[in-house]
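J.:
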Amino acid sequence: MNVQNVNLEAVGVKFEQFPETGLPEVAFAGRSNVGKSSLINGLINRKSYARISGQPGKTQTINFYNVEDQLYFVDLPGYGYAKTSKANRISWGKMIDYYLNRRKELGMILLLVDIRHKPNANDLQMMDYIRGAGLEPLVIATKADKIKRSQLKKHLNIIKNTLKLESTDQIVPYSSMTKQGKDEVWMEIDGWLEYVQNNANEEVDE
Ligand SMILES: Nc1nc2c(ncn2[C@@H]2O[C@H](COP(=O)(O)OP(=O)(O)OP(=O)(O)O)[C@@H](O)[C@H]2O)c(=O)[nH]1
Ligand SMILES: [Mg+2]
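To convert a position in the sequence shown, counted from 1, into our numbering, add 7.
#1: Among 113, 104, 35 and 101, whose alpha-carbon lies nearest the alpha-carbon of residue 26?
#2: So, with DSSP's three-state summary, where would you put residue 25?
#3: Along the beta strand (DSSP E) that carries residue 214, what are the first and last residues, could you check?
#4: Tell me the rounded alpha-carbon separation between residue 204 and residue 14.
#5: For the putative contact between residue 115 and residue 145, defined by C-beta atoms under 8 Å, what is the C-beta separation to the nearest angstrom?
#6: So, are the CB atoms of residue 80 and residue 86 less than 8 Å apart?
#7: Just to confirm before moving on: does the CB-CB distance between residue 122 and residue 150 stay below 8 Å?
#8: In the DSSP assignment, find the alpha helix (DSSP H) that holds residue 72 and state where it starts and stops.
#9: For residue 189 and residue 118, what's the separation of their Cα atoms in angstroms?
#10: Taking all protein chains shown into account, decide if residue 176 is buried (16 or more other Cβ within 10 angstroms of its Cβ) or exposed.
#11: Who are the near neighbours of residue 169 in its chain, counting only those whose CB is closer than 7 Å to its CB and skipping five residues on each side?
#12: At which residue ranges does the region 106-169 contain complete alpha helix (DSSP H) runs of 4 or more residues, listed in the order of the chain?
#13: Measuring only the C-alpha atoms, how far is residue 42 from residue 22?
#14: Residue range of the alpha helix (DSSP H) that residue 50 falls in?
#15: Please say whether residue 68 and residue 18 have beta carbons closer to each other than 8 Å?
#16: Need the endpoints of the beta strand (DSSP E) that residue 36 sits in, please.
#17: Excluding the 5 residues flanking residue 193 on each side, which residues of the same chain have their C-beta closer than 8 Å to its C-beta?
#18: Please classify residue 135 as buried or exposed, where buried requires at least 16 other C-beta atoms within 10 Å of its C-beta.
#19: Assuming contact is defined by CB atoms lying nearer than 8 Å, are residue 10 and residue 52 in contact in what I supplied?
#20: From residue 28 to residue 147, what distance separates their C-alpha atoms?
#21: Ends of the beta strand (DSSP E) at residue 17?
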């Protein structure tokens with residue numbers, strides 16, 4: 008999709024605050040600082056529409072971005088931020104649980120992991136939450152500019168094995184610096200969106 012128009016339309020921490028949109032949603036999940044907001048900015052051709060910061064734990068609400076009135080990108084708050092309070096962790100869990108399990112619009116989820124590191128217990132738990140909600144994520148290995156090309160395969164395999172992905176599941180290496188992987192991510196989103204839109208039309212026809 009060639010994106011020109013994007014709007015941050017709603018920010019929510021509670022189920023009642025999630026907007027009623029009727030449009031399909033792609034959610035972005037991953038550890039604090041992994042690059043969720045940067046990926047969103049890359050996909051929508053903006054430098055800093057979704058807030059980015061050197062401070063982990065920047066995005067603490069669920070942010071809904073209307074993309075071309077076709078779909079929403081949903082920036083989920085990151086997890087695994089050590090300095091967060093216990094109360095914060097509990098409310099994070101509640102919010103994510105609500106979102107993943109009750110949000111009818113949610114159709115596709117991107118799970119971001121840092122290409123340099125083996126996914127940790129928090130990532131595995133997120134994977135369980137996602138699969139528990141009946142979804143299989145598209146895994147994005149972020150900060151691909153930080154490793155040598157010759158190391159790429161090795162890193163992707165570690166991620167694949169740790170997250171127990173099927174051999175047919177693909178991982179997309181992405182860099183917000185070089186925009187490597189951007190077209191591939193859009194191809195996946197566009198393919199899914201087309202499928203969702205066709206199915207919606209069929210239901211109306213019947
Ligand atoms: N080198 C490099 N740095 C990146 C990349 N993506 C993000 N960063 C940097 O990593 C830091 C965190 O990026 P964010 O996009 O804010 O991460 P986030 O996942 O939204 O973080 P939270 O909102 O805290 O959950 C920033 O300093 C970014 O500039 C990348 O692909 N390559
Ligand atoms: Mg963020």
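C-beta atoms are modelled at their ideal positions from N, C-alpha and C, and glycine is treated no differently.
T.: With the given structure in hand:
#1: Cα-wise, what sits closest to residue 26 is 113.
#2: Residue 25 falls in the coil class under three-state DSSP.
#3: Because the chain spans 8 through 213 in this model, residue 214 falls outside it and cannot be assessed.
#4: 21 Å
#5: About 7 Å separates the CB atoms of residue 115 and residue 145; that is less than 8 Å, so the two are in contact.
#6: no
#7: yes
#8: Here residue 72 belongs to no alpha helix (DSSP H); instead the beta strand (DSSP E) covers 69-74.
#9: 15 Å
#10: exposed
#11: 125 and 126
#12: 128-139 and 159-169
#13: Their Cα atoms are separated by approximately 25 Å.
#14: Per DSSP, residue 50 belongs to the alpha helix (DSSP H) from 43-50.
#15: yes
#16: 32-37
#17: 8 and 50
#18: exposed
#19: yes
#20: Their Cα atoms are separated by approximately 26 Å.
#21: 13-19
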